[in-house]
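In the working numbering, the protein residues as written are 1420 to 1590.
Shown next, in the form of structure tokens:
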């Protein structure tokens, strides 16, 4: 329960940062439903998925040297989990926004490639340092600190793709 609450807060805070600091909406124009969707996703999906994923990596990825183990963990994380998780994020957000399957497909086509590339610009370096220097019990804290900015980006990218879909519908 604590993990779900923590991730709900991180995703919600990321959305508030996106709306207020990046998009500069102001409180009058703040989309509270959007924030609630992010809170729900963080608490119900991201928290359980990420905490179980990191435990899985820690307990199941063993190589002949610590360096090989480290590189393998980051490679598995970035080339299996990250692509699936990002696709799941945009799909889940689209579903919670009431979008059709065709609209969710358009959302993925519009946002997924850039989000995945931006993921690769940030997370491999973070995870290399995290897996190498940080004990398992503190890794989520490190990820969570970086995730505030990342979640802001994801919220903004999701909003951009939703706006794109609305523009396509208006045509």
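Built from N, CA and C at the ideal position, the CB exists for glycine as well. Source: prediction; values computed, not measured.
| field | Secondary structure of residue 1444, DSSP reduced to three states | value | In this structure, residue 1444 counts as coil in the three-state DSSP scheme.
| said: DSSP three-state label for residue 1420, please. | reply: Three-state DSSP puts residue 1420 in coil, outside helix and strand.
| said: Residues in the same chain with beta-carbon distance under 8 Å from residue 1497, minus the five sequence neighbours each way, listed in chain order, please. | reply: Closer than 8 Å at Cβ, skipping near neighbours: 1538, 1539, 1542, 1543 and 1546.
| field | Residue from 1458, 1529 and 1452 whose Cα sits closest to the Cα of residue 1424 | value | Of the candidates 1458, 1529 and 1452, the residue whose Cα lies closest to the Cα of residue 1424 is 1458.
| Exposed or buried, what is residue 1441 when buried is set at 16 or more other beta-carbons lying within 10 Å of its beta-carbon? | That one is exposed.
| request: Quick one: residues in its chain with C-beta nearer than 8 Å to the C-beta of residue 1454, no 5 flanking neighbours on either side, listed in chain order? | output: Around residue 1454: 1431, 1434, 1435 and 1438.
| query | Are residue 1567 and residue 1469 close, meaning C-beta to C-beta below 8 Å? | reply | No.
| message | If you reduce the DSSP assignment to three classes, tell me which class residue 1483 lands in. | response | Three-state result, residue 1483: coil.
| task | Using the Cα positions of residue 1577 and residue 1554, report the straight-line distance between them to the nearest angstrom. | result | Taking the straight line joining both Cα atoms gives about 33 Å.
| task | Would you tell me roughly how many angstroms separate the C-alpha atoms of residue 1501 and residue 1535, rounded to the nearest one? | result | Their backbone Cα atoms lie some 8 Å apart in a straight line.
| Candidates 1445, 1456 and 1420: which alpha carbon is nearest residue 1574's? | With respect to the C-alpha of residue 1574, the residue from 1445, 1456 and 1420 having the closest C-alpha is 1456.
| said: Please tell me whether residue 1581 and residue 1524 are closer than 8 Å, where the distance is taken between their beta carbons. | reply: It is not a contact, given that the beta carbons lie outside the stated cut-off.
| Extent of the continuous alpha helix (DSSP H) run through residue 1502 | Segment 1501–1515, the alpha helix (DSSP H) holding residue 1502.
| said: Taking the alpha-carbon of residue 1466 as reference, which of 1494, 1559, 1572 and 1495 has the nearest alpha-carbon? | reply: For residue 1466, the nearest C-alpha among the options comes from 1559.
| If we ignore side chains and look at the alpha-carbon of each, how far apart do residue 1462 and residue 1586 end up? | Those two C-alpha atoms are separated by around 31 Å.
| said: Rounding to the nearest angstrom, what Cα-Cα distance links residue 1530 and residue 1508 in this structure? | reply: If you take the alpha carbons of residue 1530 and residue 1508, they lie about 11 Å apart.
| request: Please name the residue in 1510, 1516 and 1550 whose C-alpha comes closest to that of residue 1480. | output: Nearest to residue 1480 by alpha-carbon distance, out of 1510, 1516 and 1550, is 1550.
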